[in-house]
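Trainee: Chains as they are written, first to last, in the working numbering: chain C, 1 to 105; chain W, 1001 to 1450.
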Amino acid sequence: MGVFLMFIAGMIFLAGVLFVRPKVKTKTAAQNAAVWILYVLWYGITLIGVSFVYINAGVGHVKATSTAIFLFLGLSIVLAVILARVLGLLGVRKTPGSGSAAQES
Amino acid sequence: MPPEKNIAARQEKQPSAMSRRNFLKAGAAAAMSAGLAGTLGAKPLAAAQTTSGAGYVKSKLHSRIDYGGATVRYVEHNDQWLGTSQILGAVKQYHEADQGFYMANRGKYTQEAQDCFYHYHFVMKHPFNNAIATFAMSLMPDQMVSGTPAAEKIPIPDPEQMTQHIKDCAYFLRADEVGVGRMPEYGYYSHKAPSQDDLLRDDLSNSVPVTERLPYVVVVMVDQHLETMLASTGYDGISAAQSMRSYHTTGVISVILADYIRKLGYNARAHHFTNYAAVMPPLTIAAGLGELSRTGDCTVHPRLGFRHKVAAVTTDMPLVPDKPIDFGLLDFCRVCAKCAENCPSEAITFDRDMVEYNGYLRWNSDFRKCTEFRVTNSEGSSCGRCMKVCPWNSKEDSWFHTAGTWIGSKGEASASLLKNIDDIFGYGDEQIEKYHWWLDWPERYGPPQH
């Protein structure tokens, strides 16, 4: 079961890489590295959180489970929002001509 | 072409660098790597047949002593140190009748404590605890713990191999951990206590001097059961049963082991819960199974923490002793004090530094308060609250607890961090109801009826 879960985790990591890769539009290598570090950090925190919550909930540590949900899920959401913003998935105002209608014309 | 459009154009033209086929290949490779990593983690049997080269002789059944996540160093056992316990002068042996429970029975504490201890009421008031303790009492007679060895000694050309064998015997008999140590002379009592009736009269004239001096000690350790501890308050009805679980098991193992050694022609005496001629903490430290904790009289194992009981076999069979261990417990206890914060009898000291006691350094708890609470506890049977809340043993085996104890064994700052994390996540002082399997008889927990 552990190896299977590790396999699934690896698959999700690779899927994330495939999703992020075409969206990296940074100007310098440093910015590029920062995006990937942010991605790895977000993935790590999320994975740790899921594992922590899963194990603690299974054993019955109520406070540890609820604290971990707030802590790790909170961190995960914050990092995901930053990552999405950097990748241009969030908060990018559409300017005239950048939409699909403009491309068609 | 503007640079942005150039990039966009390249992205449109270039297919994803990893095709679906390659993606699956990478996944398979990752799974194989994980499998390989698991295989590398398992040691071959041949490796288990050698000495570790560090501090202990390996067993075939448990080729690696499980220290959890703690970083363990092997330290010395000499005139100045017993592991991490510093010896400042002559350590005097003491009379078995001077230990807390017998002091209660002798009337040195309160009348209530004496009443509650007599007939071992504080354990026996719960029928299940009573049943286990009654069995343990059957191991009490001297013929169970000692005897004359067989006339013919089997030759032991390789003491290391014999040490391995004795450890395997103990593991086979269901010990959770086993260690072999050089027997410290001060580990023996000066006298064995007389009968409970003599103690009740505070008459020590029938005390028997302990004259045995054997060079080695085999210490066997058994877990007190994690799930039960997670559900217990630490001082409810099941509390004494947790102790009795490990006491009777270690008792059985030690009695069989001692008899086996005698049948091989060597002297051996079992020391267990109902018949000791030695004090267990120094023997446990000598056998590399723990360090002396803040409580002052209990050792902590790197993986099991307080959650264990031990029994021992002293012998003159040629063995190779393990080395005592240092996993940073003294630094940890110095800053943690969670046991002191949670002790219902306020017996455990909050002192930052250890003090000299009987020729060695330790934290000095109030054993009178501890004993009185345990024998008169009207909310349950005895007490093991310090065991329950200790960050070293308050949880199940998992990667983050392993990481936590690794952090905790790295000095005072990291110990403080571990203790704070432990508190934030609520470990130790919670009761997990789904593991509450035992029956309670609160009407029986009061003082004995005359």
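No residue lacks a Cβ here, since even glycine has one placed at the ideal position from N, Cα and C.
1. Could you say if the stretch 1255-1264 of chain W and the stretch 1290-1300 of chain W meet the contact criterion of at least three C-beta pairs nearer than 8 Å?
2. If you run the structure through DSSP and keep just helix, strand and coil, what is K1434 (chain W)?
3. Should the stretch 1315-1322 of chain W be called in touch with the stretch 1334-1342 of chain W, which here means at least 3 C-beta pairs below 8 Å?
4. Looking at G1404 (chain W): is its Cβ nearer than 8 Å to the Cβ of G1328 (chain W)?
5. Mind checking if E1341 (chain W) is an interface residue toward chain C, Cβ cutoff 8 Å exclusive?
6. Grab me the residues of S1394 (chain W)'s own chain with a C-beta within less than 6 Å of its C-beta, minus the 5 sequence neighbours each way, in chain order.
7. Anyone know if the C-beta pair for A1193 (chain W) and L1200 (chain W) falls short of 8 Å?
8. From L1226 (chain W) to R21 (chain C), what does the alpha carbon distance come to, in whole angstroms?
9. Can you give me the C-alpha to C-alpha distance between S1409 (chain W) and D1351 (chain W), rounded to a whole angstrom?
10. Using Cβ-Cβ distances below 7 Å, what residues of the stretch 1413-1429 of chain W are close to chain C?
11. According to a CB-to-CB cut-off of less than 8 Å, which residues of the stretch 1391-1408 of chain W neighbour chain C?
12. Can A1150 (chain W) and E1372 (chain W) be called in contact, C-beta distance under 8 Å?
13. Taking Cβ-Cβ distances shorter than 9 Å, what residues in chain W pair up with T67 (chain C)?
14. Tell me where the alpha helix (DSSP H) around A1413 (chain W) begins and ends.
15. Which of the three DSSP states is assigned to L1096 (chain W) in this structure?
16. Go ahead and pull the three-state DSSP assignment for T1148 (chain W).
17. Please classify Y1186 (chain W): does DSSP put it in a helix, a strand, or coil?
18. Taking CB distances under 8 Å as the criterion, tell me whether I1238 (chain W) reaches chain C.
19. Is the beta carbon of I1325 (chain W) less than 8 Å from the beta carbon of V1091 (chain W)?
20. What residues in its chain sit with their C-beta under 6 Å from that of Y1067 (chain W), if we drop five residues either side in the sequence?
21. Looking at the secondary structure, which residues open and close the beta strand (DSSP E) in which Y1357 (chain W) lies?
22. A64 (chain C) touches chain W at which residues, Cβ-Cβ below 9 Å?
23. Can you give me the C-alpha to C-alpha distance between G1035 (chain W) and D1236 (chain W), rounded to a whole angstrom?
24. Report buried or exposed for T1211 (chain W), applying the criterion of at least 16 other Cβ atoms within 10 angstroms of its Cβ.
25. In terms of DSSP beta bridges, what is L1082 (chain W) paired with?
Mentor: The short version:
1. The stretch 1290-1300 of chain W and the stretch 1255-1264 of chain W do not touch, with fewer than three beta-carbon pairs separated by less than 8 Å.
2. Secondary structure of K1434 (chain W) (DSSP, three-state): helix.
3. No, the stretch 1315-1322 of chain W does not touch the stretch 1334-1342 of chain W.
4. No.
5. E1341 (chain W) does not count as touching chain C.
6. Answer for S1394 (chain W): Y1427 and G1428, listed in chain order.
7. The answer is no: Cβ separation not under 8 Å.
8. So the alpha carbons of these two residues sit roughly 46 Å apart.
9. S1409 (chain W) and D1351 (chain W): Cα-Cα distance of roughly 20 Å.
10. Cβ proximity to chain C below 7 Å picks out I1424, F1425, G1426 and Y1427 from the stretch 1413-1429 of chain W.
11. Result list: K1395, E1396, S1398, W1399 and F1400.
12. In this structure, A1150 (chain W) sits away from E1372 (chain W), with a CB-CB distance that is not shorter than 8 Å.
13. Result: I1424, F1425 and G1426.
14. Residues E1412 to I1424.
15. Reading off the sequence shown, one finds Glu at residue 1096 (chain W), where the question assumed Leu. Residue state, collapsed to three classes: helix.
16. Residue state, collapsed to three classes: coil.
17. Looking at Y1186 (chain W) - three-state DSSP - the assignment turns out to be helix.
18. No, its Cβ sits nowhere closer than 8 Å to a Cβ of chain C.
19. With contacts defined as CB atoms closer than 8 Å, I1325 (chain W) and V1091 (chain W) fail to qualify as a contacting pair.
20. These residues qualify, in order along the chain: P1302 and R1303.
21. From DSSP, the beta strand (DSSP E) with Y1357 (chain W) extends over V1355 to Y1357.
22. Neighbours of A64 (chain C) on chain W, chain order: K1395, I1424, F1425, G1426, Y1427 and E1430.
23. Bear in mind that the predicted position of G1035 (chain W) carries a pLDDT of just 49, short of 50, making it unreliable; the figure below should be weighed with that in mind. G1035 (chain W) and D1236 (chain W) have their alpha carbons spaced roughly 45 Å apart.
24. Burial check for T1211 (chain W): the Cβ neighbour count within 10 Å stays below 16, so the residue is exposed.
25. Answer is W:H1077 and W:S1085, bridged to L1082 (chain W).
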